[in-house]
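Participant:
Numbering (the numbering used here), first residue to last: 1 to 543.
(1) Ends of the beta strand (DSSP E) at residue 366?
(2) Please name the residue, chosen from 394, 420 and 375, that lies closest to residue 368 on a Cα-to-Cα basis.
(3) With distances taken between CB atoms, is the gap from residue 362 to residue 429 smaller than 8 Å?
(4) Whose C-beta lies closer than 7 Å to the C-beta of residue 266 among residues of the same chain, with five residues either side of it excluded?
(5) Alpha carbons only, please: which of 491, 413 and 334 is nearest the one belonging to residue 434?
(6) Could you compute how far the alpha carbon of residue 47 sits from the alpha carbon of residue 415?
(7) Kindly indicate the opening and closing residues of the beta strand (DSSP E) around residue 209.
(8) The alpha helix (DSSP H) that contains residue 442, what's its start and end?
(9) How would you write the range of the alpha helix (DSSP H) that residue 354 sits in, first residue to last?
(10) Which residues in the same chain have their Cβ closer than 7 Å to the Cβ of residue 143, if we skip the five residues on either side of it in sequence?
(11) Short of 6 Å in beta carbon distance, which residues of its chain neighbour residue 290, apart from the five on each side in sequence? Order them along the chain.
(12) Apply the 10 Å Cβ neighbour rule to residue 171 and answer buried if 16 or more other Cβ atoms are within range, or exposed otherwise.
(13) At the 8 Å Cβ level, is residue 410 part of the contact set with chain C, yes or no?
(14) For residue 316 and residue 376, what's the separation of their Cα atoms in angstroms?
(15) With respect to the beta strand (DSSP E) encompassing residue 223, which residues constitute its N-terminal and C-terminal limits?
(16) Just tell me which of 469, 470, 482 and 422 has its CA closest to the CA of residue 449.
(17) Roughly how many whole angstroms lie between the Cα atoms of residue 505 and residue 208?
(18) Could you check whether residue 91 and residue 54 sit closer than 8 Å to each other, using their CB atoms as the reference points?
(19) From the DSSP output, which residues share a beta bridge with residue 542?
(20) Does the count of Cβ pairs from the stretch 465 to 475 and the stretch 400 to 409 closer than 8 Å reach three?
(21) Could you check which residue in 111, 116 and 81 has the C-alpha nearest to that of residue 19?
(22) Just checking, does the stretch 385 to 398 make contact with the stretch 444 to 459 on the three C-beta pairs under 8 Å criterion?
(23) Considering only DSSP beta bridges, list what residue 117 is partnered with.
(24) Helix or strand or just coil, what does DSSP make of residue 417?
(25) Less than 8 Å between the C-beta atoms of residue 461 and residue 372, yes or no?
(26) Just mark residue 28 as buried or exposed, buried being the case when its beta carbon has 16 or more other beta carbons within 10 Å.
(27) So residue 26 packs on residue 107, CB below 8 Å; how close in whole Å?
(28) Beta-carbon within less than 6 Å of residue 176's beta-carbon, same chain only, minus the 5 sequence neighbours each way: which residues are those?
(29) From the DSSP output, which residues share a beta bridge with residue 247?
(30) Between residue 30 and residue 74, which are expected to be in contact by the criterion C-beta below 8 Å, what is the C-beta distance as a whole number of angstroms?
(31) So residue 59 packs on residue 160, CB below 8 Å; how close in whole Å?
(32) Hey, could you find the ends of the beta strand (DSSP E) residue 304 is sitting in?
(33) Can you say whether residue 413 is buried or exposed, counting buried as having 16 or more other CB atoms within 10 angstroms of its CB?
(34) When we look at the beta-carbon of residue 187 and count the other beta-carbons within 10 Å, is it buried (16 or more) or exposed?
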């Protein structure tokens, strides 16, 4: 191939890949480009088994099954026994899934309209004619997954397939080591380092690393060091969510952020010179696969959990941490980041988030709980309150009914000796609405052009009488805004609360993950080794 043609194709593929990635995020941030491809394959076939979709998407059956679980959880896919073989699971798109596929089609067409719009009419017609011949030729059949057997896959797909097989069979504690050894070897790098983000969001701790034999003999034999999130190229990659290249002497280090259902850390890969498009593309494809397996391993691996700690926790804090809801939720254009930083001697706060679907509507239910009782028994009461809350959701209760059920459950067991301050927030996606049930001690701030503390009707805490009448209050919050929920650790008139508001005000353009991280890091920098004297809870919600 002519060198000029080759350079042109490489440049065009880079532009298209970048625009596709950005368009995919704009269409639905909760679905990766690879999962969007799976949705496109499903719409083409109307329905298909997981093994067929895995073959068409050039991934393993276990990966396709995990994707199907995620898409089903988002209401985009249904799973039913196949008519021909009841042992097979058949996937179909829901109405929401078909709508998403249409939006993805529109977004991709818009990309090419923009690219071709810079050409003259004659040149544009010639390009379209050539693309039409390509789309009707044998290459299109291979690209769509047609034809017998597994389609021919480029090196990138083969690399992802191999990493998936390796991590799927590894023990949870071994996944960090397996990841760095595989990635270093796959891209022929000198070193690969996995740094995990600490629970408080301030540091990147080294969890695993692999170095080539040549680099170990000729280079620096010292182990890699931890890094601070607010400084350095690895921290920049994590904060921005974008891969970052760093020149270190004669070497080039590629830093890739690892994000699954939460921000996990950074994979740093060192090359002897600047990597070409081949290794770069392969790294970009391997990182999401590694992130999924590392996220799954974190729940079963004490090693990864301890790597994310900067100080010892009390038994109460350990128990509360295991009852918390997800720290990150991105779905239907809504991005939620949540964090509870336990106090130095316990933990009485908790948070929870759940996607609710009922009779044609989709909603997101959020809860912040603060137990008013001795710290050592707080996890027991929190567990009871969360169980009642989650049970109420399964029964289709609205936020006011959820609050009443929690109130009854806590009072029945503790007869007013323990109470739970609550803030229950429901974001209904279709049609759009926002409702809240609140008691004292937890505040909501709305941020648009400015930051405003919302004046909400306040109820008694749950468990006080068991007979409190709760009412959900509608909020005038539209799409494109931001809500910030602050627990009593950021008390309304305290220095911590004022600083949290100042940081949130300055960080309007940053993601919810970064707002939560900055507020928490500021609190810990001021309270030093022991941590805050009161549990500090913060949620940042982009609507």
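Glycine included, every Cβ here is placed at the ideal spot set by N, Cα and C. Computed from a prediction, not measured in an experiment: that's the story for all the values here.
Facilitator: Answer, in terms of the structure:
(1) Taking the chain shown and counting its residues from 1, the one referred to as residue 366 is at position 366. Per DSSP, residue 366 belongs to the beta strand (DSSP E) from 361 to 372.
(2) Residue numbering aside, residue 368 sits at position 368 when the chain shown is read from its first letter. For the residues 394, 420 and 375, the minimum Cα distance to residue 368 belongs to 420.
(3) Stepping through the chain shown from its first residue, residue 362 is reached at position 362. Stepping through the chain shown from its first residue, residue 429 is reached at position 429. Contact flag set, yes.
(4) Position 266 of the chain shown, counting from 1, holds the residue named residue 266. Excluding positions up to five away in sequence, the list reads 195, 204, 234, 237, 238, 255, 256, 257 and 258.
(5) For this step, residue 434 is matched to residue 434 along the chain shown. It is 334 whose Cα lies nearest to the Cα of residue 434.
(6) Here residue 47 is taken as the residue at index 47 of the chain shown, counted from 1. Here residue 415 is taken as the residue at index 415 of the chain shown, counted from 1. Those two C-alpha atoms are separated by around 54 Å.
(7) Along the chain shown, read from residue 1 onward, the residue named residue 209 stands at position 209. Residues 203 to 211.
(8) The residue you call residue 442 lines up with position 442 of the chain shown. No alpha helix (DSSP H) holds residue 442; DSSP gives it neither H nor E.
(9) To locate residue 354, count along the chain shown from 1; it is residue 354. Run containing residue 354: none in the alpha helix (DSSP H); it sits in the beta strand (DSSP E), 349 to 358.
(10) In the chain shown, counting from the first residue as 1, residue 143 sits at position 143. Any reading at residue 143 needs caution, since the residue's pLDDT is 46, under 50, leaving its predicted position unreliable; the model's value is listed next. So no residue of the chain qualifies.
(11) Taking the first residue of the chain shown as 1, we reach residue 290 at position 290. So the list reads 179, once near-sequence residues are dropped.
(12) Taking the first residue of the chain shown as 1, we reach residue 171 at position 171. Label assigned to residue 171: exposed.
(13) The structure shown contains no chain C, having only a single protein chain.
(14) Against the chain shown, residue 316 aligns to sequence position 316. Against the chain shown, residue 376 aligns to sequence position 376. Using only the alpha carbons, I get a separation of about 6 Å.
(15) On the chain shown, position 223 is the one that residue 223 refers to. Looking at the DSSP string, residue 223 is not in any beta strand (DSSP E), and its letter there is neither H nor E.
(16) On the chain shown, residue 449 is found 449 positions in, with the first residue counted as 1. Considering only alpha carbons, the answer is 482.
(17) The residue given as residue 505 occupies position 505 in the chain shown. The residue given as residue 208 occupies position 208 in the chain shown. Straight-line Cα distance between these residues: approximately 37 Å.
(18) The sequence position of residue 54 within the chain shown is 54, counting from 1. The sequence position of residue 91 within the chain shown is 91, counting from 1. Taking 8 Å as the Cβ cut-off, residue 54 and residue 91 do not qualify as a contacting pair.
(19) One-based indexing of the chain shown puts residue 542 at position 542. Bridge partners of residue 542: 335 and 482.
(20) yes
(21) For this step, residue 19 is matched to residue 19 along the chain shown. Looking at the Cα atoms, 111 is the closest of the given residues.
(22) no
(23) Here residue 117 refers to the residue found at position 117 when the chain shown is read from its first residue. DSSP lists no partner for residue 117.
(24) Residue 417 sits at position 417 when you count from the first residue of the chain shown. Correct three-state label for residue 417: coil.
(25) Position 461 of the chain shown, counting from 1, holds the residue named residue 461. Position 372 of the chain shown, counting from 1, holds the residue named residue 372. Going by C-beta atoms, residue 461 is nearer than 8 Å to residue 372.
(26) Along the chain shown, read from residue 1 onward, the residue named residue 28 stands at position 28. Under this definition residue 28 is a buried residue.
(27) For this step, residue 26 is matched to residue 26 along the chain shown. For this step, residue 107 is matched to residue 107 along the chain shown. Their Cβ separation, rounded to whole angstroms, is 7 Å, which keeps residue 26 and residue 107 in contact under 8 Å.
(28) Locating residue 176 in the chain shown gives position 176, counting from the first residue. Around residue 176: 194, 207 and 208.
(29) Here residue 247 refers to the residue found at position 247 of the chain shown. BP columns for residue 247 point to 252.
(30) The residue given as residue 30 occupies position 30 in the chain shown. The residue given as residue 74 occupies position 74 in the chain shown. That pair is a contact at about 6 Å.
(31) Here residue 59 is taken as the residue at index 59 of the chain shown, counted from 1. Here residue 160 is taken as the residue at index 160 of the chain shown, counted from 1. At roughly 7 Å, the Cβ-Cβ gap stays under 8 Å, so residue 59 and residue 160 are in contact.
(32) Locating residue 304 in the chain shown gives position 304, counting from the first residue. Careful: residue 304 lies outside any beta strand (DSSP E), inside the alpha helix (DSSP H) at 302 to 307.
(33) For this step, residue 413 is matched to residue 413 along the chain shown. That one is exposed.
(34) The sequence position of residue 187 within the chain shown is 187, counting from 1. Flag for residue 187 reads buried.
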